[in-house]
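Report on the structure given below.
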Amino acid sequence: MSRTALVTGGTRGIGLAISKGLKAAGYAVAANYGGNDEAAKACEQETGVKCYKFDVSDYDAVGAGIAAIEAELGPIDIVVNNAGITWDGPFHKMSLEQWQKVIAVDLDSAFNVTRQVWEGMRERGFGRVINISSINGQKGQFGQVNYSAAKAGLIGFTKALAQEGAKKGITVNVVCPGYIDTEMVRAVPEKVLESIIATVPVGRLGKAEEIASMCAYLASEDAAFITGATMTVNGAQYIAS
Ligand code: CAA
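So that you can map any letter, position 31 of the sequence shown is 31 in this note's numbering, and since no number is skipped, the others follow by simple counting.
Here it is, written out as structure tokens:
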């Protein structure tokens with residue numbers, strides 16, 4: 001039987017490309033989503049990937065979602081913590097809600113999901129946890145104190161958890177996309193986005209598929225010795241040591 005993968009935020013943008021990539025690699029894929037039923041329907045129709053609606057920032061809702069997925073598709077061996085939102089603004093204008101919401105969806109979600117599949121992975125002696133961070137978690141971004149903090153948090157989460165999973169056959173890695181051609185990036189004011197693209201040596205936005213292929217590799221048996229790693233995929237916009 002093929003392994004089962006859960007992709008959070010898996011019906012749109014980078015997540016949709018990851019869901020498709022993992023399905024093409026032969027996994028049974030569950031794509032989670034938070035609210036956009038139309039996109040989920042389109043995802044199911046286009047890809048045949050089953051979509052599950054639950055709020056990744058709510059621990060109990062995640063537990064119920066995981067139970068439903070495992071009942072239908074079998075134990076989850078691969079998790080891609082991809083769900084994320086932005087709520088940009090300079091810090092002097094940032095509200096408590098703006099801070100808490102982004103931390104809850106972008107960082108707490110990794111705990112809520114991973115914690116509830118972790119014991120099963122340990123028991124079975126196999127697991128792949130792939131966290132989707134961002135270039136802006138590595139370098140910081142003006143207007144994104146909340147998002148940069150959450151995405152940097154995912155890097156620390158990865159480095160610590162990788163050490164705990166190592167003896168149990170579980171790898172934990174983090175992927176840091178640069179600016180990828182998705183709705184989220186297209187929402188950045190045009191002038192601001194133009195100035196950002198001008199700083200990308202490759203000279204363009206990345207493609208969602210370019211993140212998906214990295215995830216498919218990290219999920220594979222071939223990547224068993226890669227754990228605790230930060231994989232930068234950003235067209236050389238920021239070269240982290
Ligand atoms: N660096 C330095 N100064 C900047 C700046 C920057 N990058 N951007 C804006 N400023 C300055 C402005 O020039 C202005 O200065 P003055 O007051 O002296 O004129 C001041 O900051 C305030 O600017 P605004 O009035 O325009 O501020 P605003 O409340 O409208 O907010 C912003 C502006 C939301 C921060 C806007 O600059 C922005 O959207 N920035 C882009 C943030 C970004 O990159 N988001 C990425 C989203 S995609 C994503 O997150 C995916 C991923 O992982 C990569």
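Just so it is clear, CB atoms sit at the ideal spot from N, CA and C, and this is done for glycine as well.
Between the CA atoms of residue j and residue i - distance to the nearest angstrom
i      : j      : result
Val29  : Glu194 : 35 Å
Thr47  : Asn173 : 26 Å
Pro177 : Tyr238 : 10 Å
Ser148 : Met184 : 15 Å
Ala160 : Ala229 : 11 Å
Ile78  : Val62  : 15 Å
Thr8   : Gln100 : 19 Å
Leu16  : Ser95  : 30 Å
Ile103 : Asn146 : 7 Å
Pro201 : Asn234 : 9 Å
Thr171 : Lys20  : 21 Å
Ser241 : Ala71  : 42 Å
Trp118 : His92  : 38 Å
Glu97  : Asp222 : 42 Å
Phe126 : Lys168 : 7 Å
Residue i - partner residues in DSSP beta bridges
i      : result
Arg12  : Bridge partners of Arg12: none, in fact.
Pro201 : BP columns for Pro201 are empty, so no partner.
Val7   : Ala31, Val80
Residue i CB to nearest heavy atom of the ligand NAD below 6 Å
i     : result
Thr86 : Of the ligands this structure carries, namely the ligand CAA, none is the ligand NAD.
Heavy atom of the ligand CAA within 6 Å of residue i beta-carbon
i      : result
Tyr52  : no
Asn234 : no
Ser134 : yes
Tyr179 : yes
Phe91  : no
Met214 : no
Gly143 : yes
Met121 : no
Met231 : no
Val188 : yes
Met184 : yes
Val192 : yes
Limits of the unbroken alpha helix (DSSP H) element including residue i
i      : result
Thr232 : Taken as a continuous stretch (DSSP letters only), Thr232 belongs to no alpha helix (DSSP H), being part of the beta strand (DSSP E) at 230-233.
Ile132 : First-last for Ile132: 127-132, but that is the beta strand (DSSP E), not the alpha helix (DSSP H).
Lys101 : 96-103
Tyr33  : Not the alpha helix (DSSP H): Tyr33 falls in the beta strand (DSSP E), residues 28-33.
N- and C-terminal bounds of the beta strand (DSSP E) containing residue i
i      : result
Lys168 : Looking at the DSSP string, Lys168 is not in any beta strand (DSSP E), and its letter there is neither H nor E.
Ile78  : 76-81
Leu73  : Per DSSP, Leu73 belongs to no beta strand (DSSP E); it is in the alpha helix (DSSP H), 59-73.
Cβ separation of residue i and residue j, assumed to be a contact under 8 Å, to the nearest whole Å
i      : j      : result
Cys215 : Ile130 : 5 Å
Leu73  : Leu107 : Contact flag wrong, Cβ pair sits at about 26 Å.
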